[in-house]
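Novice: I'd like to ask some things about the structure below.
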Amino acid sequence: MYADLAPAVRRELAELHPALARWIAEHAYRAVLARAGLDAATRELAAVTALAASGCRRQLLSHARGAVRCGAGAARVRSALRLAALFRSTAGLAELETHVERALLAVAPGEREP
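So in the numbering used here, spot 95 of the sequence shown is number 96, and the numbers just go up one at a time.
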């Protein structure tokens, strides 16, 4: 999901606390994100909506890029982001949309649309 950013993400989590990095790897990624049921793209789109609704900008950007890398495409990421409007103010969502658009531009052009 993080592609070339994975080592930096692991390092940042370990700097917060070594146990946090292990917990995230074992539980969030292996137990939750890797389990059967939803495909990776759908799982990432759900994360995009939840993180946008919660205002978690940094994590939102990572999962928006991850959704595209998992095959969701930029249009579906934008749709997932709009769902967050049910839970967040329009002004707050507009700011997040701006940041997500920048994050989507950082993804390789061939990865943006399935």
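Idealized CB from N, CA, C, for every residue including glycine.
(1) Relative to the alpha-carbon of Ala84, which residue among Ala41, Ser63, Leu46 and His28 has its alpha-carbon at the smallest distance?
(2) Below 6 Å CB to CB, which residues in the same chain sit around Val108 once its five sequence neighbours on both sides are set aside?
(3) Buried or exposed: which applies to Thr91, given that a residue is buried once 16 or more other Cβ atoms fall within 10 Å of its Cβ?
(4) Pull up the distance between the alpha-carbon of His18 and that of Ile25, whole angstroms please.
(5) Taking the runs of the alpha helix (DSSP H) that are 4 residues or longer, which of them lie wholly in the stretch 9-69?
Specialist: With the structure as the only source:
(1) The sequence as given places Leu at residue 84; Ala does not occur at that position. For Leu84, the nearest C-alpha among the options comes from Leu46.
(2) Arg66 and Val69
(3) exposed
(4) 11 Å
(5) 19-24 and 41-55
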